[in-house]
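In the numbering used here, the protein residues as written are 9 to 131.
By construction, the Cβ of each residue, glycine as well, lies at the ideal position given by its N, Cα and C atoms.
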Amino acid sequence: MTDTEGDRRPAGELEASVLAALWAAGQPLTAARVREAISMPLARTTVATILARLFEKGTIGRQEAGRGFAYFPTQDAHGLTARRMHRELDQGSDRTTVLARFVDQLSAEDEEVLRGLLEGDGR
């Protein structure tokens with residue numbers, strides 16, 4: 009089955025589906041196995057493109073498997089979220105303002121967790 013213009017999904021949604029399949033598998037998967045594991049019908053080339061993009065970003069790694077590759081996540085979901093947060097912070101021109109606004113929007117509970125982490129209680 010091929011993707012049609014009307015069936016296009018945002019790249020972020022497709023990447024999230026592929027990552028979810030890799031995390032759930034707990035072992036490296038070939039592109040064919042990833043395609044089987046995700047809940048949406050995608051063309052083989054679409055899955056290959058998503059895997060290539062995730063590999064280029066460093067989000068997944070790969071190892072030789074037969075004539076192709078098997079793919080695996082380089083971080084768990086929490087690590088990936090932290091990486092995205094760092095990337096967003098690095099793109100800002102005024103880190104202090106970005107961090108201040110982030111902290112201003114934290115719930116009291118999240119602020120307490122963050123304070124504990126900064127003080128080194130290791131939560």
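The alpha-carbon separation between Asp129 and Arg91 amounts to approximately 22 Å. Ala24 is not a Cβ neighbour of Ala45, given a cutoff of 7 Å. Beta-bridge annotation (DSSP): Phe77 is paired with Glu72.
Residue burial is scored here from C-beta neighbours: Phe77 has at least 16 other C-beta atoms within 10 angstroms and is therefore classed as buried. In the three-state scheme derived from DSSP, where H, G and I count as helix and E and B as strand, Thr38 is classed as strand.
C-alpha of Ser101 to C-alpha of Met48: approximately 39 Å in a straight line.
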